[in-house]
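Visitor: Note that the numbering used here has the sequence shown beginning at 862, numbered continuously upward. Below is the structure I would like to discuss, written out as structure tokens.
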Amino acid sequence: MTPEQRQELMRLLEKGDDISPEWARILFPPEKREYELVYYGKDREEDIIADTLAVPLQPVRTFGRNGVDWHNKLIFGDNLQVMKTLLEMKKKGELRNEDGTDGVRLVYIDPPFSTQQEFKGTEDQKAYQDKIAGALFVEFIRKRLVFLKALLADNGSLYIHLDTRKSHYIKIILDELLNEGRFENEIIWKRSSAHSDSSTFANLHDSILFYRRGVDSVFNPVYQPYSEDYIDERYKHKEADGRRYLDRDLSSTGLKGGGYLYEWKGITQQWRCPRETMKRYEIENRLYYTKKGVARYKQYLDEMPGVALQDIWLDINAVNSQAKERVGYPTQKPESLIDRIIRSSSNEGDLVLDAFAGSGTVCAVAEKLGRRWIGIDCGKLAIYAIQKRMLDLKKGIGNKGAKLTPKPFTLYNAGLYDFSKLKELSWPEWRFFALQLFGCRDEKHKIGGIEFDGYRQGQSVMVFNHMEAKHKGACISEETIEEIHEAAGARVGNKIFIIAPALAFDFQQDYIDLDKIRYYALRIPYSMIHELHRREFTALKQPSDEMAVNDTVEAVGFDFIRTPELKYKVGTERPKGKLFEEGYIKIETFKSDAVVREPFKKKENLETLSMVMLDFDYDVESKVFAFDSVFYADALEKEDWVARFPIEQLGQKVMMIFLDIYGNEARVLIDAENFGLGKTKAKSRRKK
Ligand SMILES: C[S@@+](CC[C@H](N)C(=O)[O-])C[C@H]1O[C@@H](n2cnc3c(N)ncnc32)[C@H](O)[C@@H]1O
């Protein structure tokens, strides 16, 4: 800072004037970089990692038998928190490629880019607010990229799928995080065929940015067949059997280190191969002679791999409405696009991660190509779509060909837990889960003869053994805290944490202060831990209309599943103006109060409904929910909360999942006959 600048700053401070953001650059000059992207709310990388809460993975269900050292993972939750957990797994050597190397070999993400916020006010205000929304979006992605970078193997690669609205900002962010030199390509994918826009040039492409983590990151060139034009132009010669070839120079011109001087069929010159090789070529009919009698090499078309793929991809269509691979999830990307990326930047047995999994294209293609995979999504619809997709998998890309049974994979909840499942845990499992939930280090120790289970921010943590206590009829009372204080109080820091199920506490307070030591009661399910984490917890939001599926969603903290209250009617009727009877579900009551952020605000009836998902022919044996149809709340509201569908779709049993905006489900399994079809109708349908 120059003396003049110092004086000017002092003057501004004394006057109490606003300090413009440019001063940030003068006060804190960038040390290494020549330039960087500066925006409101940009956090330090270290802080992003430190401030993110790891959330334990609660297994919900395993499909197939789990592998000994690895099984693929489908995780429901906010990807930031989940990635913090994955990072801890990586540190413990639990995130491995088949060859034993640590970390994820390939990341592909296709994050949402619609920011649906509507701002009212003047044009200027709107423009300003748009910029804020833009900065929030960039930081949302950057935070995830910080974790993805940390999760990557040293020789891993990262692809991020964006459109032209934001790709330039994210490129700068990636240059900063991964180093500009690691940028490999901006792949232009022509996603849509011509559509007209008379006001400007129609936008037809997405941008996929490709970075390598290390110089030696895996790269397998992918080849494409030559175009007809290219073949006609270059492969002009044909053998009698129609085999096409071109002729290559056999003189040593341009060859480093010279060639071999000899005479061949009357021509003496420097050749690029020795006479012995030339003789072999002659026997193998690999020589072509020009009009002047000069020998040239026959290069057959069918021996060539094709053209090495370049960075403009025009030959892959978006998933159309008739495509076999279509799963009915908005924003689904084509398998052939992902196939190229996975083949190029990973080998069999390598671990591939998609933190915005959507319909699970990466999981499906990784499975087909023999890779390990992890898919994360915060949308229940996405999770069900993926689950179904993995169980209906076909071997070929585009979901064609013979059936493929996927290797075992486990579905996990992260951040929204099933409390009833926790009750099934053994004591060591419960203890481990509790420590993870509150971000504690597992390390038993004794103070004043009292046993503690670990540490949280350097302070001792006790996980109360409620299972043993239950037999003795014991609980944690104020006296228990006093006893702990008497025995250990003098030797602990200024806080002690006690984790237990809510019912195990005999007092209501969130903490008890004794001689400047604060004894926190950490209740499971979640109680008052805002103070503990020094931040607001926010819940995951499920979309209530199709457009919102591509919105950014962020959740901090965790909660426990609470089943919403539900009343409904089902039946068949012929709607006005229609020729045939249709099945219907009328939702009369839907209430849920599982709101971390606003725990005491009662919601109106139907206000918290996100969507209704249906499996028309639920398989009671496998108990897999294979969803067939989805009705978003916004659309249902317009139909007076009635969902209608053709009765032909009904099988024997129908599973209905009524989802709230926080991810809680009310599940109902009913006989198709309950729709009032009459036995004969139901039977005849079943025979079909
Ligand atoms: C564009 S879609 C991905 C589509 C996917 N590539 C496919 O082929 O189907 C983006 C996905 O990101 C998910 N998402 C948004 N925010 C998220 C978050 N914080 N954590 C996890 N998933 C998130 C959305 O639920 C949505 O499914």
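Beta carbons: idealized from backbone N, C-alpha and C, even for Gly.
#1: State the beta-bridge partners of residue 1515 as determined by DSSP.
#2: Any idea if residue 1544 is buried or exposed, counting beta-carbon neighbours within 10 angstroms, 16 or more meaning buried?
#3: What's the call for residue 1055, buried or exposed, on a 16-neighbour Cβ count within 10 Å?
#4: Taking the DSSP output, what are the residues bridged to residue 1476?
#5: Can you tell me the Cα-Cα spacing of residue 941 and residue 1005, whole angstroms?
#6: Cα separation between residue 1126 and residue 1154?
#7: Residue range of the beta strand (DSSP E) that residue 1045 falls in?
#8: Give a yes or no on whether the C-beta atoms belonging to residue 1262 and residue 1268 are separated by under 7 Å.
#9: Considering only residues of the same chain and omitting the five flanking positions on each side of residue 924, which have a CB-CB separation below 6 Å?
#10: Indicate the three-state DSSP secondary structure (helix, strand or coil) for residue 924 in the structure shown.
#11: Measuring straight from C-alpha to C-alpha, what distance separates residue 973 and residue 1344?
#12: When you compare the CB positions of residue 1355 and residue 1337, do they come within less than 7 Å of one another, or not?
#13: Here's a check: name, in chain order, each residue in its chain whose Cβ is nearer than 6 Å to the Cβ of residue 1456, leaving out the five neighbours to either side.
#14: Tell me which same chain residues have a C-beta within less than 8 Å of the C-beta of residue 1305, skipping the five on either side of it?
#15: State yes or no: is the C-beta of residue 1169 within less than 7 Å of the C-beta of residue 1084?
#16: CA-CA distance, residue 1370 and residue 953?
#17: To the nearest angstrom, report how far apart residue 1135 and residue 1124 are at their CA atoms.
#18: My understanding is that residue 1272 touches residue 1248, with C-beta atoms under 8 Å, so please give their C-beta distance in whole angstroms.
#19: Mapping DSSP to helix, strand and coil, what is residue 864?
#20: Which ranges does the beta strand (DSSP E) cover as unbroken runs of at least 3 residues, wholly within the region 1074–1160, from first to last along the chain?
#21: Considering only their Cβ atoms, is the gap separating residue 1012 from residue 1076 smaller than 7 Å?
#22: State the start and end residues of the unbroken alpha helix (DSSP H) segment that holds residue 1280.
#23: If we count the other Cβ atoms within 10 Å of its Cβ and call it buried at 16 or more, is residue 1061 buried or exposed?
#24: Report yes if the CB atom of residue 1223 is closer than 7 Å to the CB atom of residue 1196, and no otherwise.
#25: Just curious, the beta strand (DSSP E) that residue 1522 is in, first and last residue?
#26: Could you say which of 1149, 1494, 963, 1250 lies nearest to residue 1106 if we only look at CA atoms?
#27: Could you tell me which uninterrupted alpha helix (DSSP H) segments, each at least 4 residues in length, are contained entirely in the region 1197–1236, listed from first to last along the chain?
#28: Between which two residues does the alpha helix (DSSP H) harbouring residue 1245 extend?
#29: On the DSSP letters alone, give me the boundaries of the beta strand (DSSP E) that residue 1383 sits inside.
#30: Tell me the DSSP secondary structure of residue 1162 in three-state form.
#31: Roughly how far, in whole angstroms, is the beta-carbon of residue 1518 from the beta-carbon of residue 1474, given that I think they are within contact range, below 8 Å?
#32: At a threshold of 6 Å, does residue 1243 count as lining ligand 1 (C-beta to nearest heavy atom)?
#33: Residue 1449 lies in the beta strand (DSSP E); which residues open and close that run?
#34: Is there contact here, the region 1232–1239 with the region 943–960, by at least three beta-carbon pairs under 8 Å?
#35: Got a sec, what are the start and stop residues for the beta strand (DSSP E) residue 1375 sits in?
#36: Assuming contact is defined by CB atoms lying nearer than 7 Å, are residue 1067 and residue 1043 in contact in what I supplied?
Guide: Answer, in terms of the structure:
#1: Position 654 of the sequence shown, counted from the start, is the residue given in the question as residue 1515. The partner list for residue 1515 (beta bridge, DSSP) reads 1531.
#2: Along the sequence shown, read from residue 1 onward, the residue named residue 1544 stands at position 683. In this predicted model, residue 1544 has a pLDDT of only 46, less than 50, meaning its place in the structure is not dependable enough to derive any value.
#3: Along the sequence shown, read from residue 1 onward, the residue named residue 1055 stands at position 194. So residue 1055 counts as exposed.
#4: In the sequence shown, the residue the question calls residue 1476 occupies position 615. Answer is 1516.
#5: Looking up residue 941 in the sequence shown gives position 80. Looking up residue 1005 in the sequence shown gives position 144. The alpha-carbon atoms of residue 941 and residue 1005 are separated by roughly 6 Å.
#6: Numbered from its first residue, the sequence shown carries residue 1126 at position 265. Numbered from its first residue, the sequence shown carries residue 1154 at position 293. The straight-line gap from Cα to Cα measures roughly 8 Å.
#7: What you label residue 1045 is simply residue 184 of the sequence shown in a count that begins at 1. Unbroken beta strand (DSSP E) run through residue 1045: 1044–1051.
#8: Against the sequence shown, residue 1262 aligns to sequence position 401. Against the sequence shown, residue 1268 aligns to sequence position 407. Not closer than 7 Å, so no.
#9: For the purposes of this step, residue 924 is taken as the residue at position 63 of the sequence shown. Cβ neighbours of residue 924 beyond the five flanking positions: 1270.
#10: If you number the sequence shown from 1, residue 924 lands on position 63. Looking at residue 924 - three-state DSSP - the assignment turns out to be strand.
#11: As a working mapping, residue 973 is identified with position 112 in the sequence shown. As a working mapping, residue 1344 is identified with position 483 in the sequence shown. If you take the alpha carbons of residue 973 and residue 1344, they lie about 53 Å apart.
#12: Taking the sequence shown and counting its residues from 1, one reaches residue 1355 at position 494. Taking the sequence shown and counting its residues from 1, one reaches residue 1337 at position 476. No. Outside cutoff.
#13: The count along the sequence shown starts at 1 and reaches residue 1456 at position 595. Note that residue 1456 has pLDDT 45, beneath the 50 cutoff, so the model's placement of it is unreliable and the number below is only indicative. Result list for residue 1456: empty, nothing under 6 Å.
#14: Taking the sequence shown and counting its residues from 1, the one referred to as residue 1305 is at position 444. Counting only Cβ-Cβ distances below 8 Å, and skipping sequence neighbours, we find 1312, 1313, 1314, 1315.
#15: Taking the sequence shown and counting its residues from 1, one reaches residue 1169 at position 308. Taking the sequence shown and counting its residues from 1, one reaches residue 1084 at position 223. Yes, they are a contact pair.
#16: For the purposes of this step, residue 1370 is identified with residue 509 of the sequence shown, where counting begins at 1. For the purposes of this step, residue 953 is identified with residue 92 of the sequence shown, where counting begins at 1. Approximately 37 Å between the Cα atoms of the pair.
#17: Your numbering for residue 1135 matches position 274 in the sequence shown. Your numbering for residue 1124 matches position 263 in the sequence shown. If you take the alpha carbons of residue 1135 and residue 1124, they lie about 11 Å apart.
#18: Numbered from 1 along the sequence shown, position 411 holds the residue referred to as residue 1272. Numbered from 1 along the sequence shown, position 387 holds the residue referred to as residue 1248. Right, their Cβ atoms sit about 7 Å apart.
#19: Here the question's residue 864 lines up with position 3 in the sequence shown. Reduced to three states, the DSSP call for residue 864 is helix.
#20: 1105–1109, 1121–1125, 1128–1132, 1148–1150
#21: Taking the first residue of the sequence shown as 1, we reach residue 1076 at position 215. Taking the first residue of the sequence shown as 1, we reach residue 1012 at position 151. No. Outside cutoff.
#22: Numbered from 1 along the sequence shown, position 419 holds the residue referred to as residue 1280. Start and end: 1280–1284.
#23: Counting from one through the sequence shown, the residue named residue 1061 turns up at place 200. By the 10 Å Cβ count, residue 1061 comes out exposed.
#24: Here residue 1223 corresponds to residue number 362 of the sequence shown, with the count starting at 1. Here residue 1196 corresponds to residue number 335 of the sequence shown, with the count starting at 1. Going by C-beta atoms, residue 1223 is not nearer than 7 Å to residue 1196.
#25: Walking along the sequence shown from the start, residue 1522 turns up at place 661. Element bounds for residue 1522: n/a, residue is neither H nor E.
#26: Taking the sequence shown and counting its residues from 1, one reaches residue 1106 at position 245. Of the candidates 1149, 1494, 963, 1250, the one whose C-alpha sits nearest the C-alpha of residue 1106 is 1149.
#27: 1222–1229
#28: For the purposes of this step, residue 1245 is taken as the residue at position 384 of the sequence shown. Taken as a continuous stretch (DSSP letters only), the alpha helix (DSSP H) holding residue 1245 covers 1241–1252.
#29: Along the sequence shown, one-based indexing puts residue 1383 at 522. Per DSSP, residue 1383 belongs to the beta strand (DSSP E) from 1378–1385.
#30: Here the question's residue 1162 lines up with position 301 in the sequence shown. Note: residue 1162 maps to helix in three-state DSSP.
#31: Along the sequence shown, read from residue 1 onward, the residue named residue 1518 stands at position 657. Along the sequence shown, read from residue 1 onward, the residue named residue 1474 stands at position 613. 5 Å between Cβ atoms; contact.
#32: Taking the first residue of the sequence shown as position 1, residue 1243 is located at position 382. Result yes, Cβ under 6 Å from ligand 1.
#33: As a first step, residue 1449 is located in the sequence shown; it is residue number 588 there, counting from the start. Segment 1443–1452, the beta strand (DSSP E) holding residue 1449.
#34: yes
#35: Translated into the one-based positions of the sequence shown, residue 1375 becomes position 514. From DSSP, the beta strand (DSSP E) with residue 1375 extends over 1372–1375.
#36: By one-based count along the sequence shown, residue 1067 stands at place 206. By one-based count along the sequence shown, residue 1043 stands at place 182. No, the pair does not count as a contact, with Cβ atoms beyond the cut-off.
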